[in-house]
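Protein chains in written order, with this note's numbering: chain A, 1 to 417; chain B, 1001 to 1417; chain C, 2001 to 2165; chain D, 3001 to 3165. Yeah, the Cβ is synthetic: ideal placement off N, Cα and C, and Gly gets one too. A quick note: this is a predicted structure, and the numbers were derived from the prediction, not measured. Scroll down for the structure; my scribbles are underneath it.
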Amino acid sequence: MALSESTTAFDVAAVRKDFPLLARTVHGKPIVYLDSAASSQRPRSVLDAMRHYDETTHANVHRGVYTIAEEATRLFESARVAVGRFVGAPDPAHEIVFAKNTTECLNLVAHTWGRTHLHPGDVIVLTEMEHHANIVPWQMLAAERALEIRWIPVDDDGQLVFDDLEALVDGARLVGLTAMSNVLGTINPVAQVAEAAHRAGAVVVVDAAQAVPHLPTDVTAFGADFVAFGAHKMLGPTGIGILWGRREILESLPPFLGGGEMILDVRKDGFTPNEIPWRFEAGTPPITEAIGLEAAVAYLEGLTMPAVRQHEIDLTTYAMGLLRDRFGTDITIFGPPDPADRGGVISFALGDVHPHDISQILDEYGVCVRAGHHCAKPLMRRLGVNATARASFGPYNDEADVDVLAEALQHAREFFS
Amino acid sequence: MALSESTTAFDVAAVRKDFPLLARTVHGKPIVYLDSAASSQRPRSVLDAMRHYDETTHANVHRGVYTIAEEATRLFESARVAVGRFVGAPDPAHEIVFAKNTTECLNLVAHTWGRTHLHPGDVIVLTEMEHHANIVPWQMLAAERALEIRWIPVDDDGQLVFDDLEALVDGARLVGLTAMSNVLGTINPVAQVAEAAHRAGAVVVVDAAQAVPHLPTDVTAFGADFVAFGAHKMLGPTGIGILWGRREILESLPPFLGGGEMILDVRKDGFTPNEIPWRFEAGTPPITEAIGLEAAVAYLEGLTMPAVRQHEIDLTTYAMGLLRDRFGTDITIFGPPDPADRGGVISFALGDVHPHDISQILDEYGVCVRAGHHCAKPLMRRLGVNATARASFGPYNDEADVDVLAEALQHAREFFS
Amino acid sequence: MPGLEDLYREIILDHYRSPRNRGELECPPAHRIEGFNPLCGDEIVVSLLVEDGALADIKIAGTGCSISQSSASLMSAAVKGKSVPEVRELIQTFKGMMSIHEATLPAGDGGKSVGDTLVEPMAIDINAIGELAALQGVVKFPVRIKCATLSWNTLAQGLDELGET
Amino acid sequence: MPGLEDLYREIILDHYRSPRNRGELECPPAHRIEGFNPLCGDEIVVSLLVEDGALADIKIAGTGCSISQSSASLMSAAVKGKSVPEVRELIQTFKGMMSIHEATLPAGDGGKSVGDTLVEPMAIDINAIGELAALQGVVKFPVRIKCATLSWNTLAQGLDELGET
Ligand SMILES: Cc1ncc(COP(=O)(O)O)c(C=O)c1O
Ligand SMILES: Cc1ncc(COP(=O)(O)O)c(C=O)c1O
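Below is the structure:
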């Protein structure tokens, strides 16, 4: 099937050239990378920014008077402001905390806000489609503090069921939800949930690990209190996660981990914590990674997020159509039927071929898809499966990638029939 | 003063060529980087390894069936084994945990071992020369659990005082000490302390952030239970720290942070933790950083650690001699008088010129030294100062660097007299 | 580079399509044990009935990929009726075949040796394992080793829990 | 690139070598407040005596670098005897001069704007601040801004604690 130029709001061919990994071959075939929901590839500009920093500027930040230490500090803090602005943080210099990944950001909220505010019998509300990163920290705290966890259910179209939302959040102290499901692609109405949660007096923690790379994201529009995401899914490096928190709340919280950087003073008999955001950043932060993150933000801003979003809607529409045409009732695509309701993630079942086996066969064609529970086991149980195969898109994917996927799936079905 | 070739056990000139940053100029002068104790520079081989990975192999680890995910996983786990072997871990595949920095490694011990084993009234023993990273996590736990912290004192030569060691560790549950002071350079007799601690029934946590980059290090010879260090001080990237833990102890511990990767199963009513070491690694780990770390280990192994150590003894001897010759009683060099008792770190006071001002003037000469409390405020109070100036060496420093330092210090003294 | 035919031998596909000893046994008298593969979400349920020091009966339930299912099926056929020490030995042999890295592979691969000379499977007596030899090729696909060993580890754990050595 | 002479003006070195209003006041009646610079470990102690809505006396103790010490000395000379509102205004003015990034600089620098056009200091009435103008050059050395503002922030906190607005 030919590429239809009109479906892309930007020049995919040009974008593809920016990503060195796409030149790779696997089993003699050009790579078809369809696992961006797990981790994205990085454009040359990100790799160059990190390399340039490492070759010309590296020094530890925040403590040095000398020139390169000051430059490193400036670049590091500049990344904080850049990524904060990118997601609409009102006060990025104070409200953006760097951690090692999205998961640590959510744990940070559980440790600092959670341990301060949650007491035996208190209620936390999560959704059935959360990633483990937004479940396990709360389960650990629930076990420690005898908390109750309630679940917002998911319907057969992969949408949250809001019929009893008022009752579910009633009396809750915290509501955690994903802005976009990493399995179903479902884009959740965060603002609506946040409003109900706030009316009930709960704080709202948003897992935006999938939303930020794929949708225009505005923490203010979310109306949330904490928003967590990570660089490695948004064309940036591994090793750095980002937490936005409402300034007044961050100001009120105790530190997370202890060590250098997060203190103003240490005496033998105790310590004085630093101001925000440094209070939450113990030890040497991911410096090179912050520089890479700023370059990733710049790259996405260059593409513009609405264009990225439109590209993914187009590609998802194309892919859902093609797969349904080709495999009919033999394929089950999980999640919302309308591509406009979902990000560029397609989880599916193909006949009774196990996702693991699908992925193994697809690899022969250079096609990279993920097979498994996608760190969302409660959702898997809700869907009645152990695992799904998942193809997910980045701005560098095009219709030709989808065509190869469909071809390879055909082969997988034949192999196991 | 000319370079004396005979003092170096390896070819410093060749080593210098491997470090791109050393080609940089500051204020028109070649950079003289003397802040490796804060963060080291990285050789080209480390930057190349990371770049190569990013351009050819990147995928999320541990869950993917497809080729590049498998390659990424293999490289990531290979780094674990490589760094474990480098420090003599008996079972590196299980005993090495990756975290974001040394600080997080120490917090991990406090959260998992500490919260499991420490109860009100229990005693922790630390040394007066600890970095905040090995103080504040324990103070936080002490505040939460009503623990007592005792301190092994430091004498005027910057050595730990062991006269009352038996009494100090008597009844203690945990002893934490640094293998090498980041301020004084003091190399502590870890094995001796560990033996006394074990006799008293305490576990031993070693902060090896400074030791691993500068001394041949063997966790078995330490006789410790946990040893923490970080990549960015050992010619590796930011964003990754390493914890070695004795296998039996790690096996017995609960998880640290919650999320993906650290679980075997998640149900709505709870989760089952993963095996070690993954149990302690929630979320996407620092993958590119692990690849850089393995390359840094390979580079250090190429130099050989005994040669690195000899080079630093030689350079420290040269520097202490030159500074004393030049500044006489006007300079105070903190720490052990014999360079063989210390790593390549020289903290000093020059007349009454404030370290901050020293560093500012030195910057005009391209000389990078740190000024401040070096995250060791209890030690600063013991020394009776707020701050020191600190020059610290990496394998790429030579006597010419020390000569420029002395020249620049001369100017600083004149400026403020 | 290993080809798909190394992994998906005909005998494997056969056990996958027609698994032996499917189901669960009544507990008690049988013992029931669950195993998880965190990589792919597979869950396996092994029911064991040990009588007079022998594995009188075994059944396999749960779902999984072709490798984990066929390995469980092959295992059930191989161990049923054997004495516990014989079963233990077979588990050892099988895990040896899958070894080198299995210990470090809850969800990945543990050493730099995959792909170089160290990767050669342990020397095992191929005659002693019969049809199980079909699973040998799995070791060339390190990520799938956990699939193949899941049922075996679960069986071993079940014997441990029963105190059968 | 800014030169050292921008930072170390003669008047700064003079206040550093001969600090004004050194010492501590007796508490009570005076109020004593400590400030830390986490960057360099400096500690400053400001003693204030507020009487009839004015800063009747002020003394400075603690140790620090030339910038923090001279700034504290210059401050003490500038605020001593002034009414609390006047002192508040001077604090504002001074922090304005050091501003742009000060708020984001507990131990570093907060924005990408340092070094480009946004770095221009706020427009301030240079006549209103007298000798304090000597500290203007500090803003070109972002890491040192915290040194210069340490005593001022400490003073402001002291007034806050006293409930003096
Ligand atoms: C002795 C010592 N321990 C711990 C640390 C903390 O290391 P990091 O900041 O990488 O966590 C350092 C370095 O700052 C150190 O020198
Ligand atoms: C929705 C969602 N939340 C959280 C995470 C966890 O991100 P990380 O592994 O980078 O911590 C992921 C990705 O795995 C995700 O998709």
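ask   = Taking only beta-carbon atoms, is C:Thr2154 less than 8 Å away from chain A?
value = no
inquiry  = Using CA atoms only, rank isn't needed, just tell me which of A:Ile361, A:Arg309 and A:Arg246 is closest to C:Asp2006.
reply    = A:Ile361
ask   = Is any heavy atom of ligand 2 found at a distance shorter than 7 Å from the C-beta of A:Ala37?
value = yes
request  = Please name the residue or residues paired with D:Glu3043 in a DSSP beta bridge.
outcome  = D:Phe3036 and D:Thr3063
task = Go ahead and pull the three-state DSSP assignment for A:Gly292.
result = helix
query = If A:Leu420 sits next to A:Met140, beta carbons under 8 Å apart, how far is it from one beta carbon to the other, in whole angstroms?
reply = This structure leaves residue 420 of chain A out entirely; chain A is present only between 1 and 417.
query = Whose C-alpha, out of B:Pro1395, B:Pro1237 and B:Met1305, is nearest the C-alpha of B:Glu1294?
reply = B:Pro1237
query = When burial is assigned at 16 or more other CB atoms within 10 Å of the CB, is A:Arg342 buried or exposed?
reply = buried
key: Residues near A:Thr103 in its chain [Cβ-Cβ closer than 6 Å; skip 5 each side]   = Ala133
message = By DSSP's criteria, A:Met180 is part of a beta bridge. Which residues make up the other side?
response = A:Ile187
ask   = Under the DSSP definition of a beta bridge, which residues are partnered with D:Arg3017?
value = For D:Arg3017, which the question treats as bridged, DSSP gives no partner whatsoever.
Interface flag, D:Leu3135 vs chain B, CB-CB below 8 Å = no
message = Quick check on A:Ser417: buried or exposed, where buried means 16 or more other Cβ atoms within 10 Å of its Cβ?
response = exposed
key: A:Glu70 vs D:Val3143 beta-carbon contact at 8 Å   = yes
request  = Using a threshold of 8 Å, state whether the C-beta atoms of B:Arg1390 and B:Arg1370 are closer than that.
outcome  = yes
message = Please state the DSSP three-state secondary structure of C:Glu2089.
response = helix
ask   = For A:Val109 and chain B, any beta-carbon pair shorter than 8 Å?
value = no
key: Any non-hydrogen atom of ligand 2 closer than 7 Å to B:Ala1224 Cβ   = no
query = Beta carbon of A:Cys375: closer than 7 Å to some heavy atom of ligand 2?
reply = yes
request  = Indicate whether at least one CB of chain A lies closer than 8 Å to the CB of C:Gly2041.
outcome  = yes
request  = Say whether chain C places a C-beta atom closer than 8 Å to the C-beta of B:Glu1070.
outcome  = yes
message = I need the DSSP call for D:Ala3134, collapsed to helix, strand or coil.
response = helix
request  = Following the continuous beta strand (DSSP E) through B:Ala1389, name the residue where it begins and the one where it ends.
outcome  = Thr1388 to Ser1392
task = Could you list which residues in chain B have their beta carbon closer than 8 Å to that of D:Ser3018, in chain order?
result = Those within 8 Å of D:Ser3018 in chain B number zero; the least Cβ separation is about 13 Å.
request  = Output yes if chain A places a C-beta closer than 8 Å to the C-beta of C:Gly2081; else output no.
outcome  = no
ask   = Should D:Gly3130 be labelled buried (16 or more other beta-carbon atoms within 10 Å of its own) or exposed?
value = exposed
task = May I ask you to list, following chain order, the residues of the region 1360–1383 of chain B that have a beta carbon less than 8 Å from some beta carbon of chain D?
result = Gln1360, Ile1361, Glu1364, Ala1371, Gly1372, His1373, Lys1377 and Met1380
query = Closer than 7 Å: is that where the CB of B:Ala1371 sits relative to any heavy atom of ligand 1?
reply = no
Short CB-CB distance (under 8 Å) between A:Arg74 and chain D = yes
query = Got a sec: which bits of the region 1249–1269 of chain B sit with their beta carbon under 9 Å from any beta carbon on chain A, in order along the chain?
reply = Pro1254, Pro1255, Phe1256, Leu1257, Gly1258, Gly1259, Gly1260, Glu1261, Met1262, Ile1263, Asp1265, Val1266, Arg1267, Lys1268 and Asp1269
query = With distances taken between CB atoms, is the gap from A:Lys17 to A:Pro286 smaller than 8 Å?
reply = no
request  = May I ask you to check if the CB of A:Asn274 is nearer than 7 Å to at least one heavy atom of ligand 1?
outcome  = no
ask   = In whole angstroms, what separates the C-alpha of D:Pro3019 from that of A:Leu250?
value = 38 Å
key: A:Asn182 Cβ short of 7 Å to ligand 2 heavy atom set   = yes
task = Answer yes or no: does any C-beta atom of chain A fall closer than 8 Å to that of D:Glu3010?
result = no
ask   = With distances taken between CB atoms, is the gap from B:His1051 to A:Leu47 smaller than 8 Å?
value = The residue you asked about is not His; residue 1051 of chain B is Arg in the sequence shown. Their beta carbons are under 8 Å apart, which means B:Arg1051 touches A:Leu47 by this criterion.
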